[in-house]
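Remarks on the structure that follows.
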Amino acid sequence: MKHLNIALWGVLPYVVLVLFVAGVIWRYRYDRFGLTTRSTQLHESRLLRVGGPLFHFGLLFVIAGHLVGLLVPERFTEAVHVTEPMYQLNALVVSGLAGLASVAGLAVLLWRRLRVRAVRRATGRSDRVLYPVLATVLLAGLIATLLGPSGHYDYRLGVSVWFRSLLELEPDVGAMAAAPFVFQAHTLLGMALFALWPFSRLVHAFAAPVTYLARPYIVYRSRGGALPR
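FYI, in our numbering the residues of the sequence shown are 3 to 231.
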(Lines of atoms letter the chains of each structure in order from A and count residues from 1; the text may use other names and numbers.)
(Lines give C-alpha, C1' and ligand atoms only; values in the text may rest on other atoms or scores of the structure.)
Protein backbone atom coordinates (compact mmCIF):
# COMPACT_ATOMS: atom_id res chain seq x y z
CA MET A 1 0.00 0.00 0.00
CA LYS A 2 2.88 2.35 0.76
CA HIS A 3 4.35 1.90 -2.71
CA LEU A 4 0.92 2.39 -4.29
CA ASN A 5 0.45 5.65 -2.41
CA ILE A 6 3.87 6.84 -3.53
CA ALA A 7 3.03 5.97 -7.14
CA LEU A 8 -0.39 7.66 -7.04
CA TRP A 9 0.35 10.76 -5.00
CA GLY A 10 4.10 11.21 -5.45
CA VAL A 11 4.86 10.14 -9.03
CA LEU A 12 1.66 10.20 -11.08
CA PRO A 13 1.02 13.97 -10.75
CA TYR A 14 4.37 14.76 -12.38
CA VAL A 15 3.78 12.17 -15.11
CA VAL A 16 0.42 13.82 -15.87
CA LEU A 17 2.03 17.27 -15.89
CA VAL A 18 4.70 16.17 -18.39
CA LEU A 19 2.07 14.51 -20.58
CA PHE A 20 -0.13 17.61 -20.42
CA VAL A 21 2.63 20.07 -21.37
CA ALA A 22 4.16 17.81 -24.02
CA GLY A 23 0.73 17.05 -25.48
CA VAL A 24 -0.20 20.73 -25.77
CA ILE A 25 3.12 21.55 -27.43
CA TRP A 26 2.77 18.62 -29.84
CA ARG A 27 -0.81 19.59 -30.68
CA TYR A 28 0.20 23.20 -31.32
CA ARG A 29 3.08 22.22 -33.60
CA TYR A 30 1.37 19.51 -35.63
CA ASP A 31 -2.34 20.32 -35.39
CA ARG A 32 -2.46 24.08 -34.92
CA PHE A 33 -5.60 24.49 -36.99
CA GLY A 34 -7.30 21.73 -35.03
CA LEU A 35 -7.34 23.71 -31.77
CA THR A 36 -11.09 24.24 -32.01
CA THR A 37 -14.26 22.93 -30.42
CA ARG A 38 -15.37 21.46 -33.76
CA SER A 39 -18.55 23.49 -33.26
CA THR A 40 -21.91 22.01 -34.24
CA GLN A 41 -23.86 25.21 -33.67
CA LEU A 42 -25.28 25.18 -37.20
CA HIS A 43 -27.21 21.99 -36.45
CA GLU A 44 -28.97 23.10 -33.25
CA SER A 45 -28.46 26.22 -31.15
CA ARG A 46 -31.37 26.46 -28.71
CA LEU A 47 -30.01 23.96 -26.22
CA LEU A 48 -26.50 25.21 -26.90
CA ARG A 49 -27.48 28.74 -25.84
CA VAL A 50 -28.57 27.34 -22.48
CA GLY A 51 -25.98 24.65 -21.82
CA GLY A 52 -22.93 26.49 -23.17
CA PRO A 53 -22.97 29.50 -20.80
CA LEU A 54 -24.02 27.37 -17.82
CA PHE A 55 -21.15 24.96 -18.35
CA HIS A 56 -18.43 27.45 -19.23
CA PHE A 57 -19.17 30.11 -16.62
CA GLY A 58 -19.81 27.47 -13.97
CA LEU A 59 -16.49 25.83 -14.83
CA LEU A 60 -14.65 29.14 -14.57
CA PHE A 61 -15.93 29.64 -11.02
CA VAL A 62 -15.12 26.01 -10.19
CA ILE A 63 -11.52 26.50 -11.35
CA ALA A 64 -11.25 29.76 -9.40
CA GLY A 65 -12.54 28.02 -6.29
CA HIS A 66 -10.00 25.22 -6.70
CA LEU A 67 -7.16 27.71 -7.03
CA VAL A 68 -8.18 29.53 -3.86
CA GLY A 69 -8.83 26.35 -1.90
CA LEU A 70 -5.61 24.62 -2.92
CA LEU A 71 -3.16 27.51 -2.98
CA VAL A 72 -4.32 29.75 -0.11
CA PRO A 73 -3.28 28.24 3.25
CA GLU A 74 -5.56 28.32 6.26
CA ARG A 75 -3.22 30.57 8.21
CA PHE A 76 -3.64 33.29 5.57
CA THR A 77 -7.42 33.41 5.85
CA GLU A 78 -7.09 33.46 9.63
CA ALA A 79 -4.65 36.39 9.36
CA VAL A 80 -7.21 38.42 7.37
CA HIS A 81 -9.90 37.53 9.94
CA VAL A 82 -11.86 35.10 7.79
CA THR A 83 -13.09 32.50 10.23
CA GLU A 84 -13.39 28.84 9.31
CA PRO A 85 -17.23 28.86 9.40
CA MET A 86 -17.25 31.90 7.10
CA TYR A 87 -14.84 30.21 4.70
CA GLN A 88 -16.82 26.96 4.69
CA LEU A 89 -20.09 28.79 4.08
CA ASN A 90 -18.60 30.75 1.19
CA ALA A 91 -17.10 27.59 -0.30
CA LEU A 92 -20.41 25.76 0.06
CA VAL A 93 -22.49 28.52 -1.55
CA VAL A 94 -20.15 29.72 -4.31
CA SER A 95 -18.51 26.40 -5.18
CA GLY A 96 -21.79 24.53 -4.78
CA LEU A 97 -23.66 26.85 -7.14
CA ALA A 98 -20.77 26.82 -9.63
CA GLY A 99 -20.64 23.03 -9.49
CA LEU A 100 -24.38 22.72 -9.99
CA ALA A 101 -24.25 25.15 -12.92
CA SER A 102 -21.42 23.27 -14.64
CA VAL A 103 -23.08 19.88 -14.08
CA ALA A 104 -26.43 21.19 -15.35
CA GLY A 105 -24.77 22.81 -18.36
CA LEU A 106 -22.88 19.62 -19.21
CA ALA A 107 -26.10 17.61 -18.87
CA VAL A 108 -27.85 19.92 -21.36
CA LEU A 109 -24.93 19.68 -23.78
CA LEU A 110 -24.82 15.89 -23.54
CA TRP A 111 -28.59 15.67 -24.03
CA ARG A 112 -28.22 17.85 -27.12
CA ARG A 113 -25.45 15.61 -28.43
CA LEU A 114 -27.55 12.48 -27.93
CA ARG A 115 -30.80 14.01 -29.18
CA VAL A 116 -29.62 15.72 -32.38
CA ARG A 117 -28.49 13.21 -34.98
CA ALA A 118 -26.07 15.53 -36.79
CA VAL A 119 -24.39 16.48 -33.50
CA ARG A 120 -24.25 12.85 -32.41
CA ARG A 121 -22.57 11.86 -35.66
CA ALA A 122 -19.95 14.57 -35.11
CA THR A 123 -18.91 12.96 -31.81
CA GLY A 124 -15.41 11.52 -32.09
CA ARG A 125 -13.76 8.69 -30.21
CA SER A 126 -11.90 11.09 -27.95
CA ASP A 127 -15.24 12.67 -27.00
CA ARG A 128 -16.65 9.30 -25.94
CA VAL A 129 -13.77 9.00 -23.48
CA LEU A 130 -13.72 12.64 -22.44
CA TYR A 131 -17.37 13.20 -21.55
CA PRO A 132 -17.73 10.36 -18.99
CA VAL A 133 -14.48 11.43 -17.30
CA LEU A 134 -15.51 15.09 -17.26
CA ALA A 135 -18.96 14.29 -15.90
CA THR A 136 -17.55 12.04 -13.17
CA VAL A 137 -14.98 14.66 -12.16
CA LEU A 138 -17.67 17.32 -11.78
CA LEU A 139 -20.01 15.03 -9.86
CA ALA A 140 -17.26 13.85 -7.49
CA GLY A 141 -16.20 17.44 -6.86
CA LEU A 142 -19.80 18.51 -6.24
CA ILE A 143 -20.30 15.66 -3.77
CA ALA A 144 -17.08 16.55 -1.95
CA THR A 145 -18.18 20.21 -1.77
CA LEU A 146 -21.66 19.42 -0.43
CA LEU A 147 -20.42 16.85 2.10
CA GLY A 148 -17.45 18.92 3.26
CA PRO A 149 -19.13 21.12 5.89
CA SER A 150 -21.05 18.17 7.39
CA GLY A 151 -18.01 15.92 7.71
CA HIS A 152 -14.99 15.84 10.00
CA TYR A 153 -12.38 16.16 7.24
CA ASP A 154 -10.80 19.52 6.41
CA TYR A 155 -9.36 19.33 2.91
CA ARG A 156 -7.31 22.47 3.56
CA LEU A 157 -5.26 20.47 6.07
CA GLY A 158 -4.93 17.47 3.78
CA VAL A 159 -5.49 17.78 0.03
CA SER A 160 -4.33 21.40 -0.09
CA VAL A 161 -1.16 20.58 1.84
CA TRP A 162 -0.42 17.74 -0.59
CA PHE A 163 -1.01 19.97 -3.63
CA ARG A 164 1.30 22.72 -2.38
CA SER A 165 3.95 20.12 -1.54
CA LEU A 166 3.91 19.07 -5.22
CA LEU A 167 4.81 22.63 -6.19
CA GLU A 168 7.72 22.47 -3.75
CA LEU A 169 8.86 19.17 -5.37
CA GLU A 170 8.53 17.43 -1.99
CA PRO A 171 5.26 15.46 -2.24
CA ASP A 172 3.53 14.92 1.10
CA VAL A 173 2.15 11.51 0.17
CA GLY A 174 0.71 10.89 3.62
CA ALA A 175 -1.49 13.98 3.46
CA MET A 176 -3.29 12.70 0.38
CA ALA A 177 -3.28 9.04 1.42
CA ALA A 178 -5.27 9.97 4.54
CA ALA A 179 -7.96 11.82 2.57
CA PRO A 180 -11.47 10.31 2.25
CA PHE A 181 -12.22 8.26 -0.83
CA VAL A 182 -14.35 10.93 -2.54
CA PHE A 183 -11.43 13.38 -2.47
CA GLN A 184 -9.00 10.74 -3.74
CA ALA A 185 -11.40 9.74 -6.54
CA HIS A 186 -11.94 13.38 -7.50
CA THR A 187 -8.17 13.94 -7.62
CA LEU A 188 -7.44 10.82 -9.69
CA LEU A 189 -10.21 11.62 -12.14
CA GLY A 190 -8.94 15.19 -12.34
CA MET A 191 -5.48 13.90 -13.28
CA ALA A 192 -7.06 11.65 -15.91
CA LEU A 193 -8.86 14.68 -17.30
CA PHE A 194 -5.63 16.66 -17.58
CA ALA A 195 -3.93 13.70 -19.27
CA LEU A 196 -6.74 13.64 -21.87
CA TRP A 197 -6.87 17.42 -22.24
CA PRO A 198 -4.32 17.93 -25.07
CA PHE A 199 -5.85 15.14 -27.15
CA SER A 200 -9.48 16.24 -26.89
CA ARG A 201 -11.63 19.25 -27.78
CA LEU A 202 -10.71 20.80 -24.40
CA VAL A 203 -7.48 21.98 -26.00
CA HIS A 204 -9.48 24.81 -27.57
CA ALA A 205 -9.09 26.62 -24.23
CA PHE A 206 -5.59 27.58 -25.38
CA ALA A 207 -7.00 29.11 -28.56
CA ALA A 208 -9.31 31.55 -26.77
CA PRO A 209 -9.11 34.99 -28.46
CA VAL A 210 -7.77 36.77 -25.37
CA THR A 211 -5.64 39.17 -27.44
CA TYR A 212 -8.83 40.39 -29.13
CA LEU A 213 -9.52 42.55 -26.08
CA ALA A 214 -6.25 44.45 -26.54
CA ARG A 215 -6.19 44.69 -30.33
CA PRO A 216 -6.00 48.19 -31.90
CA TYR A 217 -9.10 49.82 -33.28
CA ILE A 218 -9.88 49.41 -36.96
CA VAL A 219 -10.22 52.73 -38.76
CA TYR A 220 -12.89 52.77 -41.48
CA ARG A 221 -12.86 55.41 -44.22
CA SER A 222 -15.77 56.14 -46.49
CA ARG A 223 -15.21 56.02 -50.25
CA GLY A 224 -14.39 59.34 -51.77
CA GLY A 225 -14.20 61.02 -48.42
CA ALA A 226 -11.33 63.19 -47.32
CA LEU A 227 -8.55 61.41 -45.54
CA PRO A 228 -8.27 62.27 -41.83
CA ARG A 229 -5.43 64.61 -40.96
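Each residue gets a CB set at the ideal place from its N, CA and C atoms; glycine is no exception.
Because the structure is a prediction, the values reported are computed rather than measured.
Val-82 has its alpha-carbon roughly 20 Å from the corresponding atom of Val-95. Between Gly-60 and Ala-100, the C-beta gap is smaller than 8 Å, which places the two residues in contact. For the pair of segments examined, the stretch 183-202 was found to touch the stretch 142-150: the number of CB pairs separated by less than 8 Å reaches three. Shown here, Ser-202 sits in coil according to DSSP, grouped into three states, outside any helix or strand.
Here DSSP, grouped into helix, strand and coil, assigns Met-88 to helix. The stretch 12-28 and the stretch 188-199 touch, with three or more beta-carbon pairs separated by less than 8 Å.
Counting along the chain, the unbroken alpha helix (DSSP H) around Pro-134 starts and ends at 127-149. Linking Val-205 to Trp-199 through their CA atoms gives a straight-line distance of about 6 Å. The C-beta separation of Arg-158 from Leu-73 comes to about 11 Å, leaving the pair out of contact by the 8 Å criterion. The Cβ-Cβ distance between Val-20 and Phe-208 does not fall below 8 Å. At the C-beta level, Val-135 and Ser-104 stay beyond 8 Å of one another.
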